[in-house]
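Participant: First residue of the sequence shown? That's 1 in the UniProt record's numbering, and the numbers climb one at a time after it.
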Amino acid sequence: MTDSRSSVPFPVFLPVSYEVQDADYLLLKEAGQDFMRNSSMQSHTQPFVILRASRQPAVSASYGAMYTERLVPLDLVQ
């Protein structure tokens, strides 16, 4: 999709859902975040901070019927 006034395409943002399980957490947004940073169809970055974990947390991401889940390495949990 392009803007008729410009040849620069609009960035595409996939509606990915994130969840951190077994922990209290905050999804972060960087101040002054680069507008094009998450416009790739191949990758997406979502920074977060774990506030308190009841056990080893897992991060899950889903897009439509696609779903993945990974454990957060213990050395990253403070």
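In this text, a Cβ means the ideal position worked out from N, Cα and C, and glycines have one as well.
In the DSSP assignment, what residue or residues form a beta bridge with Thr45?
Facilitator: Beta-bridge pairing links Thr45 to no other residue.
Participant: Where Tyr63 and Pro73 are concerned, what is the direct C-alpha to C-alpha distance, given to the nearest angstrom?
Facilitator: 23 Å
Participant: Three-state secondary structure (DSSP) at Leu27?
Facilitator: strand
Participant: What residue does the beta strand (DSSP E) around Leu71 start on, and which one ends it?
Facilitator: Secondary structure note for Leu71: its beta strand (DSSP E) is the uninterrupted segment Met66 to Leu71.
Participant: Would you kindly work out how many angstroms separate the C-alpha atoms of Gln56 and Glu19, rounded to a whole number?
Facilitator: 14 Å
Participant: Taking Ala23 as the reference, give the member of Ser60, Ile50, Ser43 and Met66 with the closest Cα.
Facilitator: Ile50
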